Structure formats: structure tokens, C-alpha cells
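> Okay, handing you the structure first.
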Amino acid sequence: AFLQLTATERYLALRTDLTSKQRDYLSKVNRSAQNLLEIINEILDFSKIEAGQMSVEKVDFRLEEVLDGVVNLLALRASEKNLELFLLPDPAIPSHLLGDPLRISQVLVNLTANALKFTEQGQVVVRTHGLEREGDVLWVKFAVTDSGIGMTPEQIEQVFRSFSQADSS
18 AFLQLTATER
28 YLALRTDLTS
38 KQRDYLSKVN
48 RSAQNLLEII
58 NEILDFSKIE
68 AGQMSVEKVD
78 FRLEEVLDGV
88 VNLLALRASE
98 KNLELFLLPD
108 PAIPSHLLGD
118 PLRISQVLVN
128 LTANALKFTE
138 QGQVVVRTHG
148 LEREGDVLWV
158 KFAVTDSGIG
168 MTPEQIEQVF
178 RSFSQADSS
């Protein structure tokens, strides 16, 4: 029923007096509702990519907020599988960046969700590394690693092809 509320109604519900447990649950449901909206946007984005009309945004954002959003969105899934989900950001990366936080979030959610899906025990780690600077440009590497079964070189080759999975199980 909470998902059927409008974004404004969810926001207002979260501003009421709640126990910390209720607030935590409602916040997670709210993030899930936002994630569903993002999935719909991803489908629309795919149509734009196919039509050659996709553009990458350049907006101010806080990398910590993007990374926290990814981890918070998937923390329950990790907990349900008794997996540890870690975030290891590079402290050398500035907190305010210019880029496309939605695309970064989409990719990290997808990679992290897949890591959780195929990891039976252990951990999943989301890392960032500042690689190099070219003037005002900072190249950032994002990595998602896990203690799962791993992939063969052939499977890795297919991961970035449209509509393919390395393992269909």
C-alpha cells in the first residue's frame, strides 16, 4: 500500500512521528519506489540508446550520496542472504563532482545486484578509485567484487553485450 502512495504522500509520511524501526522500513520502501521509477526510466533510456539519442548529463552531485543510495537499496537483499555488503570509497576523490549520477547509480546497482545474486556466502564490495587527473577532469574507476563463483574469460566477454548473461541459472 505504501508503494501506491504518491511521492509527496510518502515524503509526508516520513515526516511524521515514527519509531526508528518504522522510519527505517518506510525509508527503504520509499527508496524501492524510487528505484522502480528509475527502472522505468532505464527502459526509456534504452529506447534512446537504440535510437542514437542518449546523452550523458553533467550535473553537480555528491558521490557519497550515489554510493550510499546503491548500498542502502541493496542492503536488505545482502542481509537476507547473510552476505556482507561493503562500501570502500577512495578518500582522495572529491565529494562534489560533475557528471551523471543516475547513470553511475544504474550501473552500480546492476553490477552489485548481480554480485549479490551469484554469491552464496561471504561478501560483496563496492569500491571507487581516483585514477588520474587531466586538468579539471578526474577519471574514477568503480569496481564491484564478490566472493562468488567467478566467471570464465568467455563469460566476461559476453557481459557487456545487449541482453546476455554470463550464467542463465
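The sequence shown runs 18 to 186 under the working numbering.
Glycine included, C-beta positions come from ideal geometry on N, C-alpha and C.
All of these numbers come straight from a predicted model, not from anything done at the bench.
(1) Can you tell which of Asn131, Ser112 and Gln70 has its C-alpha closest to the C-alpha of Phe78?
(2) What residue range is occupied by the uninterrupted alpha helix (DSSP H) comprising Lys134?
(3) Have a look at Ala130 and Leu91 and give me their C-alpha separation to the nearest angstrom.
(4) Please report the Cβ distance between Val141 and Asp163, rounded to the nearest whole angstrom; I am assuming they are in contact, meaning their Cβ atoms lie under 8 angstroms.
(5) Looking only at C-alpha atoms, which of Gly139, Asp153, Val83 and Pro106 sits nearest to Ala95?
(6) Can you check which of these residues, Gln70, Arg178, Thr136 and Val76, is closest to Glu97 by C-alpha distance?
(7) Ala132: buried (16+ other C-beta within 10 angstroms of its C-beta) or exposed?
(8) Can the beta-carbon of Ser44 be found closer than 8 angstroms to that of Val87?
(9) Can a CB atom of chain B be found closer than 8 angstroms to the CB of Ser164?
In short:
(1) Within the sequence shown, residue 78 is the residue found at index 61, counting from 1. Taking only the C-alpha atoms, the option nearest Phe78 is Ser112.
(2) As a position in the sequence shown, residue 134 is number 117, starting the count at 1. Counting along the chain, the alpha helix (DSSP H) containing Lys134 begins and ends at Pro118 to Lys134.
(3) Position 113 of the sequence shown, counting from 1, holds the residue named residue 130. Position 74 of the sequence shown, counting from 1, holds the residue named residue 91. If I take the Cα positions, the gap works out to 7 angstroms.
(4) Walking along the sequence shown from the start, residue 141 turns up at place 124. Walking along the sequence shown from the start, residue 163 turns up at place 146. Right, the Cβ-Cβ distance comes to about 4 angstroms (below 8 angstroms), so this counts as a contact.
(5) To locate residue 95, count along the sequence shown from 1; it is residue 78. It is Gly139 whose Cα lies nearest to the Cα of Ala95.
(6) What you label residue 97 is simply residue 80 of the sequence shown in a count that begins at 1. It is Thr136 whose Cα lies nearest to the Cα of Glu97.
(7) As a position in the sequence shown, residue 132 is number 115, starting the count at 1. So Ala132 counts as buried.
(8) To locate residue 44, count along the sequence shown from 1; it is residue 27. To locate residue 87, count along the sequence shown from 1; it is residue 70. Going by C-beta atoms, Ser44 is not nearer than 8 angstroms to Val87.
(9) Looking for chain B here will not work: only one protein chain is present.
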